[in-house]
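Asker: Counting from 2, one number per residue, gives the positions in the sequence shown under our numbering.
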Amino acid sequence: MNITRNPLLLIFLGTAFLIQSCGDSNKIEESKEVVYTLVKQPNKEFELDYETAFDQIDGKYVEIDGTAYYTFFNRKNSSIYFYDYETGELYHQTKMAKDGPDAVEYPYYFFDYYVHDFDNIFINTMAFYYRINKDGEVLKRIKPDDTSGFFSRKNIAIDGAMEYRDGKLYCGISQSVPAEGDTSWLRTVYNFDSETFEKEYVDERFLVPNYEEKARRLREMAKTGGISSVSTFFAGNAEEVYGSSAINDSLYHFVGSEFRGAYYAGDPEVEVTNLEGYFNKTKIETFEGGGISIGPKAIQPAFYTEMLSSPDNRYIYRILIHGTKPKVEEGSDKERPEVFGATLTIFDTVTKTSGKISLPVEELGINHYSTDVFVSRNGIHFPNKDIESESLKSYKLYRISSSETDLGRSVF
2 MNITRNPLLL IFLGTAFLIQ SCGDSNKIEE SKEVVYTLVK QPNKEFELDY
52 ETAFDQIDGK YVEIDGTAYY TFFNRKNSSI YFYDYETGEL YHQTKMAKDG
102 PDAVEYPYYF FDYYVHDFDN IFINTMAFYY RINKDGEVLK RIKPDDTSGF
152 FSRKNIAIDG AMEYRDGKLY CGISQSVPAE GDTSWLRTVY NFDSETFEKE
202 YVDERFLVPN YEEKARRLRE MAKTGGISSV STFFAGNAEE VYGSSAINDS
252 LYHFVGSEFR GAYYAGDPEV EVTNLEGYFN KTKIETFEGG GISIGPKAIQ
302 PAFYTEMLSS PDNRYIYRIL IHGTKPKVEE GSDKERPEVF GATLTIFDTV
352 TKTSGKISLP VEELGINHYS TDVFVSRNGI HFPNKDIESE SLKSYKLYRI
402 SSSETDLGRS VF
């Protein structure tokens, strides 16, 4: 599953997770390199209604009771759509109320969701946590504890390793600006019934060199009313996870709260940016009268934007953006980064081998934060750059094969 992903939202979301080698106990193991290739499949398409814009979708893939679904959130009409993945037909539209007892509020614009089943759909809007059913009925609403302040409070985070079991969410946890000297945790077991964090684990200080300098930067940024931080990613399940960050080539393996090993899984031909470069990729402009403009610089450094996993969690995929150029937005004089170089890295969690594929970005509708990419049992889906109809959402579908094994047969 995908996580999160608009970089502008990170202005006030700030999940900080920079993982690097930290002493002999975290020694990064070199992975045997495997040569992978993309095998093109027929495009996957879904017919949209008149209220849905094809370029405003961040698609997800979920399986419920043995049936595969394609799903996305439509902000315009406050609905979550579910399509039968195999047929491409709309199965159900979960429309959320804007007022009344079933209202779902997202005043900070942020909206992310996790589907356990049709009776348990979890929503995080930063203002509230919700559990709803497919009919839009709010079964539970939780307001996060703001006693310590917005930037200092603990928030649950929906990610690729999230699971719901026995009333508890096994998920990410974020605290945008931990107080000086506090422990910064990255994973949690959150009891949705009692509204408590039962367990917090994976200490950021254990994994991040020079963590205090990064934390100091965040505390300084928070004084101006907004922060930007390093995106973090997890894949796995309640028992074990692999994690990394936007500026790290390696994957870090945890079973429960126990660190088991770190594995290189990057592109040796690309040097990923460091902490300084990542913080500097955002342009902040101030204007007379107190106005402020925040957005990405047209030339971006190399960094990871996605971490996905196969439905069986064996294979982990990451998208590495390493080439952008300025592009003027239509109807505006603002420059935005246009991607001309990107790599898909692949890590086999069983054999601990890795490889990479140069992506045909001229055919794919990916951008510098690469939302709207997902993996099903049929392969990996990228938004199609060539749009024939705005009433269709079209994806380029690829299976992945290697000289050692055909992932198209063994995984998807």
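Each residue gets a CB set at the ideal place from its N, CA and C atoms; glycine is no exception.
Bear in mind the structure is a predicted one, so any value in this text is a computation, not a measurement.
Take the Cβ of residue 71 as the centre, count every other Cβ of all protein chains shown within 10 Å, and call the residue buried at 16 or more, exposed below.
Answerer: buried
Asker: Under the rule that 16 or more other beta-carbon atoms within 10 Å means buried, what is residue 401, buried or exposed?
Answerer: buried
Asker: Does DSSP put residue 402 in a helix, a strand or coil?
Answerer: DSSP places residue 402 in strand when its eight states are reduced to three.
Asker: In the DSSP assignment, find the beta strand (DSSP E) that holds residue 308 and state where it starts and stops.
Answerer: 304-310
Asker: Starting from the C-beta of residue 304, find all residues in its chain whose C-beta is less than 7 Å away, skip the five residues before and the five after it, and write them out in chain order.
Answerer: 247, 248, 273, 274, 279 and 322
Asker: Sorted by chain position, which residues of the same chain lie with C-beta nearer than 6 Å to residue 104's C-beta, five sequence neighbours on each side aside?
Answerer: 98
Asker: Looking at the unbroken beta strand (DSSP E) that takes in residue 326, where does it start and where does it end?
Answerer: Where residue 326 is concerned, the enclosing beta strand (DSSP E) stretches over 316-329.
Asker: Give every residue of the same chain whose Cβ lies closer than 6 Å to the Cβ of residue 312, excluding the five residues on either side of it in the sequence, and list them in chain order.
Answerer: 378
Asker: Would the beta-carbon of residue 371 fall within 8 Å of that of residue 283?
Answerer: no
Asker: Looking at residue 358 and residue 316, is the spacing between their C-beta atoms short of 8 Å?
Answerer: In this structure, residue 358 does not lie closer than 8 Å to residue 316 by Cβ.
Asker: Taking 8 Å as the threshold, find out whether the region 385-403 comes into contact with the region 322-335 through three or more Cβ pairs.
Answerer: no
Asker: Helix, strand or coil: which one does DSSP assign to residue 176?
Answerer: coil
Asker: For residue 135, which of helix, strand or coil comes out of DSSP?
Answerer: Residue 135: coil per DSSP, three-state reduction.
Asker: CB residue 244 to CB residue 187, shorter than 8 Å?
Answerer: yes
Asker: Under a three-way DSSP split, which group does residue 96 fall into?
Answerer: Correct three-state label for residue 96: strand.
Asker: Which residues mark the beginning and the end of the alpha helix (DSSP H) in which residue 343 is found?
Answerer: Unbroken run through residue 343 is the beta strand (DSSP E), 336-349; no alpha helix (DSSP H).
Asker: What residue from 184, 77, 241 and 380 has the CA that sits closest to residue 171's CA?
Answerer: Cα-wise, what sits closest to residue 171 is 241.
Asker: Note down, in chain order, each residue of its chain lying with its Cβ closer than 7 Å to the Cβ of residue 106, except the 5 sequence neighbours on either side.
Answerer: 126, 128 and 129, listed in sequence order.
Asker: Give every residue of the same chain whose Cβ lies closer than 7 Å to the Cβ of residue 256, excluding the five residues on either side of it in the sequence, and list them in chain order.
Answerer: 240 and 241
Asker: Quick check: the Cα distance between residue 267 and residue 387, rounded to an integer number of angstroms?
Answerer: 29 Å
Asker: What are the partner residues of residue 259, as DSSP defines its beta bridges?
Answerer: 256
Asker: CB-CB under 8 Å to residue 108, same chain, minus the five flanking residues each way: which ones, in chain order?
Answerer: 126 and 128
Asker: Take residue 213 and list the residues in its own chain whose beta-carbon comes closer than 6 Å to its own, dropping the five residues that flank it on each side.
Answerer: none
Asker: Leaving out five residues before and five after residue 411 in sequence, what residues of the same chain have Cβ atoms less than 8 Å from its Cβ?
Answerer: Because the pLDDT of residue 411 is 43, which lies under 50, any placement of that residue in the model is unreliable, and the question is left without a value.
Asker: Would you mind sorting residue 140 into buried or exposed? The rule is 16 or more other CB atoms within 10 Å of its CB.
Answerer: exposed
Asker: Checking 8 Å against the spacing of the C-beta atoms, do residue 252 and residue 215 come in under that value?
Answerer: Result no, Cβ atoms of residue 252 and residue 215 do not sit closer than 8 Å.
Asker: If you follow the alpha helix (DSSP H) that residue 280 is part of, which residue opens it and which one closes it?
Answerer: First-last of the alpha helix (DSSP H) with residue 280: 276-280.
Asker: Output the distance between the C-alpha atoms of residue 339 and residue 330, rounded to the nearest integer angstrom.
Answerer: 10 Å
Asker: Taking residue 64 as the reference, which of 35, 376 and 399 has the closest Cα?
Answerer: Restricting attention to 35, 376 and 399, the CA atom closest to the CA of residue 64 is found in 376.
Asker: How is residue 240 classed by DSSP in three states: helix, strand or coil?
Answerer: If DSSP states are grouped into helix, strand and coil, residue 240 belongs with coil.
Asker: Going along the chain, which residues of its own chain have a beta-carbon closer than 7 Å to the beta-carbon of residue 142, five neighbours each way excluded?
Answerer: 129 and 131
Asker: Measure the alpha-carbon distance for residue 202 versus residue 90 and round it to whole angstroms.
Answerer: 41 Å
Asker: In angstroms, rounded to a whole number, what distance separates the CA positions of residue 399 and residue 115?
Answerer: 25 Å
Asker: Out of curiosity, what's the CA-to-CA distance linking residue 69 and residue 86?
Answerer: The alpha-carbon of residue 69 is positioned some 5 Å away from that of residue 86.
Asker: Mapping the DSSP letters down to three states, classify residue 104 as helix, strand or coil.
Answerer: strand
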